[in-house]
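In the numbering used here, the protein residues as written are 1 to 255.
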């Protein structure tokens, strides 16, 4: 008679980590107007996620919900699996969320360096090497030549790089960019696209709202298309460019 064989115990399955940002069925109503209708969107670490759509589609409204500036009428916003739907913007920032705005939100009378230093001071980033930390960010966003210039002397395209630098000074895990290439010339946009791809390799979840479709298609790994407050498609740039619903609503017919 054979001795009893020990039971085989399977190792517990390892669950994948939650996405850096998880928007679940977010709805926003203004009276009888539905600005966002059951929107779902995930942004993974080390991925550039695009959000595109016509003017008035609800892109900035969604950013406002994600960052806590606007409470949702329904649905949830999660950061790394934690529900932050009713958490203040400052608390979301402490969890690693940073944002740039469609309309520039800078201290226009301060220099480039001072603007970025303010952000570093608020988040207490850089430590004893704060000045080197600030200088590294200035170099990274390509503003060495104007580091001590007042922001109101810069072109719109370069001022947007200041706003990006200020966001980076908080050492974000989730970076939300609202039309960051607006006002940039072709060379600036090309350099900006390279920078976004670099940032994604540094374990940052980048979410990009942008009307420059060439930039979007070049830098995004996945794209969500918003129209009349609803996500009508999500996929790779190739899939989005060949989606009939997207072509009809936003990109136009294929030539």
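From the three backbone atoms N, C-alpha and C, an ideal C-beta is built for every residue, glycine too. Quick caveat, the model's predicted, so the values are computed rather than measured.
Roughly how many angstroms separate the alpha carbons of residue 222 and residue 67, rounded to a whole number? 21 Å
Buried or exposed: which applies to residue 255, given that a residue is buried once 16 or more other Cβ atoms fall within 10 Å of its Cβ? Note that residue 255 has pLDDT 45, beneath the 50 cutoff, so the model's placement of it is unreliable and the number below is only indicative. The residue is exposed, with fewer than 16 neighbouring Cβ atoms inside 10 Å.
Do residue 116 and residue 174 have their beta-carbon atoms positioned less than 8 Å apart in this structure? no
Indicate the three-state DSSP secondary structure (helix, strand or coil) for residue 16 in the structure shown. coil
Cβ neighbour criterion (16 or more within 10 Å) applied to residue 180: buried
Return the CA-CA distance between residue 107 and residue 33, expressed in angstroms with no decimal places. 35 Å
Does the ligand ATP have a heavy atom nearer than 7 Å to the CB of residue 50? Looking for the ligand ATP in the displayed structure turns up nothing, as the structure carries no ligands at all.
Give the straight-line distance between the Cα atoms of residue 154 and residue 40, rounded to the nearest whole angstrom. 37 Å
Is the distance from the Cβ of residue 216 to the Cβ of residue 58 below 8 Å? no
Give every residue of the same chain whose Cβ lies closer than 7 Å to the Cβ of residue 161, excluding the five residues on either side of it in the sequence, and list them in chain order. 141, 142 and 143
First through last residue of the alpha helix (DSSP H) which encompasses residue 130: 130-140
By alpha-carbon positions, which one of 21, 75 and 54 ends up nearest to residue 29? 75
C-beta atoms of residue 110 and residue 150 nearer than 8 Å: yes
With 16 as the cutoff for other CB atoms within 10 Å, does residue 31 come out buried or exposed? exposed
Among the candidates 121, 25 and 43, whose CA atom is the shortest distance from the CA of residue 17? 43
Hey, residue 48 and residue 191 are a contact pair by Cβ (cut 8 Å); roughly how many whole angstroms apart? Contact flag wrong, Cβ pair sits at about 15 Å.
Simplified DSSP assignment, three categories, for residue 148: coil
For residue 56, count neighbouring Cβ atoms within 10 angstroms of its own Cβ and tell me buried if that reaches 16, exposed if not. exposed
Would you list the one or two residues that DSSP bridges to residue 29? 34
Does residue 25 pass the burial test, meaning 16 or more other C-beta atoms within 10 Å, or should it be called exposed? exposed
Give the straight-line distance between the Cα atoms of residue 132 and residue 146, rounded to the nearest whole angstrom. 16 Å
From residue 211 to residue 184, what does the alpha carbon distance come to, in whole angstroms? 12 Å
Taking the alpha carbon of residue 105 as the point to measure from, which residue in 245, 189, 166 and 219 has its own alpha carbon closest? 166
How would you call residue 214, buried or exposed, if buried means at least 16 neighbouring beta carbons within 10 angstroms? exposed
Kindly indicate which three-state DSSP category residue 24 falls into: helix, strand or coil? strand
Pull up the distance between the alpha-carbon of residue 244 and that of residue 118, whole angstroms please. 46 Å
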